[in-house]
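J.:
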Amino acid sequence: SEDVSPLTLRKQDMAASILQECSNFHQTRPYIRPGVDISEFTKHFCSSKKYEDIAYGWSLSFNRHFFAELCYDGWLSICSYPSRVAYVLMPWIDPERCIMDYRNVHISKKVVKRSKRYVLSVNRVFDQVVSKCIEQHGESWLYKPMVRILKGLNRDGHRSPSPSSSSSSSGCCDSDDKEGGGARKQHHSSSFKFGVHSIEMWAVSSAGGEDEKKWLVAGDIGYTVGGCYTSMTGFRAPGTVGAGTTQLVATAALLRKLGFGFWDLGMVLKYKTELGGVTHSREDFIKRFHSVRDDSKVELQLPNFTPVGPLIRGLRDYQKSLLATKTKTSGNNRMQQPLMAPPKRSKCSDSSSNSSTSSKSAKNVCNGSSSSSSSSSSS
């Protein structure tokens, strides 16, 4: 339910207690709902040894602002239907998270070549991308309550309500503010930049001009919090060889061009690390995420269809410039290092090293030279 009235929250708490008594799933994971100080909840979850191997919490609330607040503190929320009893929102922060920095994106020659066929758009066919994801992966976690949240936030945007300054001692209490998600401690997430988006890639016919035709071949669903974009899921049309990889590289190129700090890829999977994603601990991810989440200058939007080719070439040029700068800096550092004076050698050691005679002969030469020297000095 999106309702966060005091009565609804009390009913949810009662239902949660019943679920915890009869379900191991609900017993072993922390329960959270509107009214809790999410920032404090996150700190406790990430620092407690009890949850060091647990990635998920759970909630019975599907309120949009509650979902956005969870995202603001680093939780990527999905929907589950455990035991087919009740839909639950499942905020998760894995012990490990995959992050893509633009300098690490692997750009193959095939991707550069294929990129000429495609254009990119943002938020043009969000509902269609959701349907395509379900079509490819099954309903999975995109159950109806989750789809309703995502479509609503994409369609209507997100507005942060004015938080109440009052709260209970437990950090969880009631409020008459239906839009506000219940009472909560007033904290920094009261006004933040958040949005749910789709990034679409289209194949383009070779006709050009008014006769040019486009068809959707790949897409990604995710959300932005300040200067970070987080991917939730995506799809690739059947029979489109290489389109998925091209779309991933194009997404990275777009995010870099628009000024996003980094790309949060979520769960660590092989194809993500092969593309260049790097695994970070839960603590490291939170630190990096918090460093960009209040950036209000960036916006994920494209007014028109944007050719993928120039985007990817721009990312490749960026990587080359970083490499050139690194090489130049490394060369300058070597030039600035003081030259070490060569070790002094005796004539004896020089003659032995340059001679092609055996070590025994070299020893004799040295001994002879020494004897001669000492004889002349004594005389």
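Each residue of the sequence shown is one higher than the one before, starting from 116 at the first, in this note's numbering.
C-beta: ideal position from N, C-alpha, C; glycine also.
Computed from a prediction, not measured in an experiment: that's the story for all the values here.
To which residues does DSSP link Ile193 through a beta bridge?
T.: Ile193 pairs with Met205.
J.: Val234: buried (16+ other C-beta within 10 angstroms of its C-beta) or exposed?
T.: Its Cβ being crowded by 16 or more others within 10 Å, Val234 is buried.
J.: Return the residue from the list Val119, Phe160, Lys231 that minimises the CA-CA distance to Phe177.
T.: Taking only the C-alpha atoms, the option nearest Phe177 is Val119.
J.: Thinking C-alpha only, which one of Trp190, Ile314, Pro206, Arg218 is nearest Asp242?
T.: That would be Ile314, whose Cα lies nearest to the Cα of Asp242.
J.: Between which two residues does the alpha helix (DSSP H) holding Ala365 run?
T.: Here the alpha helix (DSSP H) through Ala365 covers 358–373.
J.: With Leu380 as the anchor, note down where its beta strand (DSSP E) starts and where it stops.
T.: Here the beta strand (DSSP E) through Leu380 covers 377–381.
J.: When the Cα atoms are used, what is the spatial distance from Ala170 to Pro210?
T.: When rounded, the distance between both Cα atoms is 6 Å.
J.: According to DSSP, what are the bridge partners of Ala183?
T.: DSSP, once it has assigned bridges, lists no residue as partnering Ala183.
J.: Can you tell me which of the three DSSP states Glu327 falls into?
T.: Glu327 falls in the coil class under three-state DSSP.
J.: Is the separation between the beta-carbon of Phe182 and that of Ile249 shorter than 7 Å?
T.: No, the pair does not count as a contact, with Cβ atoms beyond the cut-off.
J.: Is the beta carbon of Leu380 sitting closer than 7 Å to the one on Met205?
T.: Cβ atoms of Leu380 and Met205: not closer than 7 Å.
J.: Determine the contact status of Val427 and Ser230, defining contact as a CB-CB distance below 7 Å.
T.: Checking the sequence shown, residue 427 turns out to be Ile, not Val. Yes; because the gap between Cβ atoms is below 7 Å, this pair is in contact.
J.: For Gly392, which residues in the same chain have their Cβ closer than 7 Å to its Cβ, ignoring the five residues on either side in sequence?
T.: Excluding positions up to five away in sequence, the list reads Cys213, Ile214, Met215, Leu380.
J.: Which residue marks the beginning of the alpha helix (DSSP H) containing Ser395, and which one marks its end?
T.: Sequence inspection shows His at residue 395; the Ser mentioned does not correspond to that position. First-last for His395: 393–396, but that is the beta strand (DSSP E), not the alpha helix (DSSP H).
J.: Check His273 in the structure and name its three-state DSSP category.
T.: Looking at His273 - three-state DSSP - the assignment turns out to be coil, as it is neither helix nor strand.
J.: Under 7 Å, do Phe350 and Lys247 count as touching if we go by C-beta distance?
T.: For Phe350 and Lys247, yes; Cβs fall inside 7 Å.
J.: Starting from the C-beta of Gly341, find all residues in its chain whose C-beta is less than 6 Å away, skip the five residues before and the five after it, and write them out in chain order.
T.: Only Lys308, Val407, Arg408, Asp409, Asp410 meet the Cβ criterion.
J.: Is the region 144–163 touching the region 178–198, taking contact as three or more C-beta pairs under 8 Å?
T.: Contact holds: three or more Cβ-Cβ distances are below 8 Å.
J.: In or out: Val203 buried (at least 16 other Cβ within 10 Å) or exposed?
T.: Its Cβ being crowded by 16 or more others within 10 Å, Val203 is buried.
J.: Could you give the distance in angstroms between the alpha-carbon of Phe404 and the alpha-carbon of Tyr344?
T.: Phe404 and Tyr344: Cα-Cα distance of roughly 10 Å.
J.: So the alpha helix (DSSP H) His159 belongs to, where does it begin and stop?
T.: Run containing His159: 153–162, per the alpha helix (DSSP H) assignment.
J.: For Ile249, report the span of its beta strand (DSSP E) as first-last.
T.: Careful: Ile249 lies outside any beta strand (DSSP E), inside the alpha helix (DSSP H) at 241–252.
J.: Excluding the five sequence neighbours on either side, which residues of its own chain have a C-beta within less than 8 Å of the C-beta of Ala201, listed in chain order?
T.: Contacts found: Ala130, Leu134, Leu175.
J.: I need the DSSP call for Ser132, collapsed to helix, strand or coil.
T.: Three-state DSSP puts Ser132 in a helix.
J.: Quick one: give me the first and last residue of the alpha helix (DSSP H) that His141 is part of.
T.: Here the alpha helix (DSSP H) through His141 covers 139–142.
J.: Nearest to Lys412 by alpha carbon, out of Pro422, Gln434, Gly376?
T.: It is Gly376 whose Cα lies nearest to the Cα of Lys412.
J.: Bridge partners of Gly310, per DSSP?
T.: The partner list for Gly310 (beta bridge, DSSP) reads Thr339.
J.: Beta-carbon separation of Val226 and Thr361 under 7 Å?
T.: Closer than 7 Å, so yes.
J.: Below 6 Å CB to CB, which residues in the same chain sit around Thr348 once its five sequence neighbours on both sides are set aside?
T.: Cβ within range, chain order: Cys248, Ile336.
J.: Tell me which residues share the same chain as Arg218 and place their Cβ nearer than 8 Å to its Cβ, disregarding the 5 neighbours each side in the sequence.
T.: Answer for Arg218: Tyr433, Gln434, Leu437, listed in chain order.
J.: What are the boundary residues of the alpha helix (DSSP H) that Arg229 is part of?
T.: Here the alpha helix (DSSP H) through Arg229 covers 224–229.
J.: Would you mind reading off the limits of the beta strand (DSSP E) that contains Glu389?
T.: First-last for Glu389: 385–390, but that is the alpha helix (DSSP H), not the beta strand (DSSP E).
J.: Rounding to the nearest angstrom, what Cα-Cα distance links Ser132 and Leu268 in this structure?
T.: Approximately 30 Å, taken between the alpha carbons.
J.: Assuming contact is defined by CB atoms lying nearer than 7 Å, are Tyr258 and Cys194 in contact in what I supplied?
T.: Cβ distance < 7 Å, so Tyr258 and Cys194 count as in contact.
J.: So the candidates are Leu373, Lys385, Asp399; which of them puts its Cα closest to the Cα of Pro418?
T.: For Pro418, the nearest C-alpha among the options comes from Leu373.
J.: Is the CB-CB distance between His159 and Asn238 below 7 Å?
T.: No, the pair does not count as a contact, with Cβ atoms beyond the cut-off.
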